[in-house]
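Asks: Protein chains in written order, with the UniProt record's numbering: chain D, 1 to 157; chain G, 1 to 157.
Beta carbons are placed, not taken as given, at the ideal position from N, Cα and C, and that holds for glycine.
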DNA sequence: TTGATTCGTTAGTTGAGCTAACGTTCGTGT
DNA sequence: ACACGAACGTTAGCTCAACTAACGAATCAA
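#1: Helix, strand or coil for residue 2 of chain G? Go by DSSP, reduced to three states.
#2: DSSP three-state call for residue 96 of chain D: helix, strand or coil?
#3: Is there at least one Cβ from chain G nearer than 8 Å to residue 139 of chain D's Cβ?
#4: Would you please state the rounded distance, in angstroms, between the beta carbons of residue 74 of chain D and residue 7 of chain G? I believe it to be under 8 Å.
#5: Identify the contact partners of residue 128 of chain D in chain G, using a Cβ-Cβ distance below 8 Å as the criterion.
#6: If I follow the unbroken beta strand (DSSP E) through residue 107 of chain G, where does it start and stop?
#7: I'd like to know whether the C-beta of residue 31 of chain D is nearer than 8 Å to at least one C-beta of chain G.
#8: Give the DSSP-derived three-state secondary structure of residue 47 of chain D in the structure shown.
#9: What residues from chain G crowd round residue 51 of chain D, counting only those whose CB sits closer than 8 Å?
#10: Using the beta-carbon count (16 or more within 10 Å), is residue 102 of chain G buried or exposed?
#11: Under a Cβ-count criterion, where at least 16 other Cβ atoms within 10 Å of its own Cβ denotes burial, should residue 120 of chain G be classed as buried or exposed?
#12: When you compare the CB positions of residue 63 of chain G and residue 107 of chain G, do they come within less than 8 Å of one another, or not?
#13: 8 Å is my cut-off, CB to CB: does residue 14 of chain D come that close to chain G?
#14: Compute the Euclidean distance between the alpha carbons of residue 134 of chain D and residue 118 of chain D, then round it to the nearest angstrom.
#15: Report yes if the CB atom of residue 155 of chain G is closer than 8 Å to the CB atom of residue 33 of chain D, and no otherwise.
#16: Could you tell me the alpha carbon to alpha carbon distance between residue 5 of chain D and residue 66 of chain G, rounded to whole angstroms?
#17: Should residue 99 of chain D be labelled buried (16 or more other beta-carbon atoms within 10 Å of its own) or exposed?
#18: Near residue 93 of chain D, which residues of its chain fall below 8 Å by C-beta distance, leaving aside the five closest residues on each side in sequence?
#19: Using a Cβ-Cβ cut-off of 8 Å, state whether residue 104 of chain D counts as contacting chain G.
#20: Which class does residue 64 of chain G belong to by DSSP, given the choice of helix, strand or coil?
#21: Take the Cβ of residue 77 of chain G as the centre, count every other Cβ of all protein chains shown within 10 Å, and call the residue buried at 16 or more, exposed below.
#22: Which of the three DSSP states is assigned to residue 90 of chain G in this structure?
#23: I need the DSSP call for residue 15 of chain G, collapsed to helix, strand or coil.
#24: With distances taken Cα to Cα, identify the nearest neighbour of residue 45 of chain G among G:9, G:16 and G:115.
#25: Nearest CA to the CA of residue 139 of chain D: which residue from G:138, G:143, G:90 and G:35?
#26: Can you tell me the Cβ-Cβ gap for residue 30 of chain D and residue 27 of chain G, rounded? I've got them flagged as a contact below 8 Å.
#27: Can you give the Cα-Cα distance for residue 126 of chain G and residue 104 of chain D, rounded to whole angstroms?
#28: Taking only three categories from DSSP, how would you classify residue 133 of chain G?
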């Protein structure tokens, strides 16, 4: 039986019962699978998850400072610098000093950025479909709801 | 609104709709919360998740070579070395050369190791309860089942 | 006007996951 | 009998994400 490399949670008898009870292990392994699926799908177009997150925030909420983007994306201010550099290099955002507050930059999505966002979104729609393929619509909604409740619960502790 | 540090998935209007649709984002953030919860609970007794996994395998399946442990735990052979060093330092396992195959070590759990396993398991039982607190037994089973199906699906691609 | 706070940035840390290479040992085929 | 490939434990290193610390510049509050 060769199993290495796979992130399969349950190998039947080969998996100790104690491990099968750990929700954090199941969630972690599944999360890793999902994350890898997304990264592999984005790689061919040279995009990263952070690009999607930042462009989505800018498109929906309008121009914002880097600190505001960080707050809304849970990307650290320190890491956001490199992400914005990449997005600016692609012409997908513009980084300009804020005339009203010289500490701030104003980040604005460009038309190219909106096109890029649509491109990435299309890829991720496919990823979601791949991931959720075994579940019917009702089950997908259940999974979102259950995980959402756990997440909200753990966030307020 | 101060939100930093939290891994809350949904901030209402502040969260772009596009992000709320990403199952991998929700799963990833929730997984990170769970993982942190577990690590914080294990820290006071100086234990790591890998300790639990290895001890559980040894307790359930009996003495094994390092390669066999790696196969059953998805811990890489290279990383397993340090984990076993720590477990040996604590007296929880014994690492001895295999007389039948001089390439191998035979790893055996000790009585102390079984006690340690019980200690860690008790902590993780509490972690599971904390994580799953907002869900009733039926919902917990559903979450396991849904994630398990997604995991199995993604594992065979 | 002094002092605390915010902002963008650089640098560095930690941990998990993963690859490469090496010497040793074993199994197989010839 | 012996060469060759594979498996073993180990060391080293890589990547990526999450996170912390510190800094100069700018702003805000006392």
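Replies: According to the structure data:
#1: For the purposes of this step, residue 2 of chain G is taken as residue 2 along the second chain, with counting starting at 1. Residue confidence for residue 2 of chain G is low, a pLDDT of 30 falling below 50, so the modelled location carries little weight and cannot support an answer.
#2: Here residue 96 of chain D refers to the residue found at position 96 of the first chain. Residue 96 of chain D: strand per DSSP, three-state reduction.
#3: Locating residue 139 of chain D in the first chain gives position 139, where the first residue counts as 1. So yes, residue 139 of chain D belongs to the interface.
#4: Position 74 of the first chain, counted from the first residue, corresponds to residue 74 of chain D. Position 7 of the second chain, counted from the first residue, corresponds to residue 7 of chain G. Contact annotation, residue 74 of chain D with residue 7 of chain G: C-beta distance approximately 7 Å; criterion of less than 8 Å satisfied.
#5: Residue 128 of chain D sits at position 128 when you count from the first residue of the first chain. By Cβ distance, chain G contributes 21, 22, 23 and 24.
#6: Position 107 of the second chain holds residue 107 of chain G. Following the DSSP letters along the chain, one finds residue 107 of chain G inside the beta strand (DSSP E) bounded by residues 105-109.
#7: Taking the first chain and counting its residues from 1, one reaches residue 31 of chain D at position 31. So yes, residue 31 of chain D belongs to the interface.
#8: Within the first chain, numbered from 1, the residue matching residue 47 of chain D stands at position 47. It is coil, neither helix nor strand.
#9: In the first chain, the residue the question calls residue 51 of chain D occupies position 51. Neighbours of residue 51 of chain D on chain G: none; closest Cβ ~12 Å, over 8 Å.
#10: On the second chain, residue 102 of chain G is found 102 positions in, with the first residue counted as 1. By the 10 Å Cβ count, residue 102 of chain G comes out exposed.
#11: Counted from its first residue, the second chain places residue 120 of chain G at position 120. Around the beta carbon of residue 120 of chain G, a 10 Å sphere encloses 16 or more other beta carbons of the protein chains shown; the residue is thus reported as buried.
#12: Along the second chain, read from residue 1 onward, the residue named residue 63 of chain G stands at position 63. Along the second chain, read from residue 1 onward, the residue named residue 107 of chain G stands at position 107. In contact: residue 63 of chain G and residue 107 of chain G (Cβ atoms closer than 8 Å).
#13: By 1-based counting over the first chain, the position of residue 14 of chain D is 14. So yes, residue 14 of chain D belongs to the interface.
#14: For the purposes of this step, residue 134 of chain D is taken as the residue at position 134 of the first chain. For the purposes of this step, residue 118 of chain D is taken as the residue at position 118 of the first chain. Here the C-alpha atom of residue 134 of chain D lies approximately 26 Å from the C-alpha atom of residue 118 of chain D.
#15: If you number the second chain from 1, residue 155 of chain G lands on position 155. If you number the first chain from 1, residue 33 of chain D lands on position 33. It is a contact, given that the beta carbons lie within the stated cut-off.
#16: Your numbering for residue 5 of chain D matches position 5 in the first chain. Your numbering for residue 66 of chain G matches position 66 in the second chain. Confidence is the limiting factor: at residue 5 of chain D the pLDDT is only 45, short of 50, which leaves the residue's position unreliable, though a coordinate-based value still follows. Residue 5 of chain D and residue 66 of chain G: Cα-Cα distance of roughly 16 Å.
#17: In the first chain, residue 99 of chain D corresponds to position 99, counting from 1. Under this definition residue 99 of chain D is an exposed residue.
#18: One-based indexing of the first chain puts residue 93 of chain D at position 93. Taken in chain order, the residues that qualify are 54, 55, 58, 84, 87, 107, 108, 109, 110 and 113.
#19: Here residue 104 of chain D refers to the residue found at position 104 of the first chain. Answer no: the Cβ-Cβ gap between residue 104 of chain D and chain G never drops below 8 Å.
#20: Numbered from its first residue, the second chain carries residue 64 of chain G at position 64. Residue 64 of chain G: strand per DSSP, three-state reduction.
#21: On the second chain, position 77 is the one that residue 77 of chain G refers to. Residue environment analysis places residue 77 of chain G among the exposed positions, since fewer than 16 neighbouring C-beta atoms fall within 10 angstroms of its C-beta.
#22: Numbered from its first residue, the second chain carries residue 90 of chain G at position 90. Residue 90 of chain G falls in the coil class under three-state DSSP.
#23: For the purposes of this step, residue 15 of chain G is taken as residue 15 along the second chain, with counting starting at 1. Correct three-state label for residue 15 of chain G: coil.
#24: Within the second chain, residue 45 of chain G is the residue found at index 45, counting from 1. The option with the nearest alpha carbon to residue 45 of chain G is G:115.
#25: On the first chain, position 139 is the one that residue 139 of chain D refers to. Proximity to residue 139 of chain D across G:138, G:143, G:90 and G:35 peaks at G:143, based on C-alpha coordinates.
#26: Counted from its first residue, the first chain places residue 30 of chain D at position 30. Counted from its first residue, the second chain places residue 27 of chain G at position 27. With a Cβ gap of about 6 Å, residue 30 of chain D and residue 27 of chain G count as contacting.
#27: As a working mapping, residue 126 of chain G is identified with position 126 in the second chain. As a working mapping, residue 104 of chain D is identified with position 104 in the first chain. Going by the C-alpha atoms only, they are around 45 Å apart.
#28: Position 133 of the second chain, counted from the start, is the residue given in the question as residue 133 of chain G. In this structure, residue 133 of chain G counts as coil in the three-state DSSP scheme.
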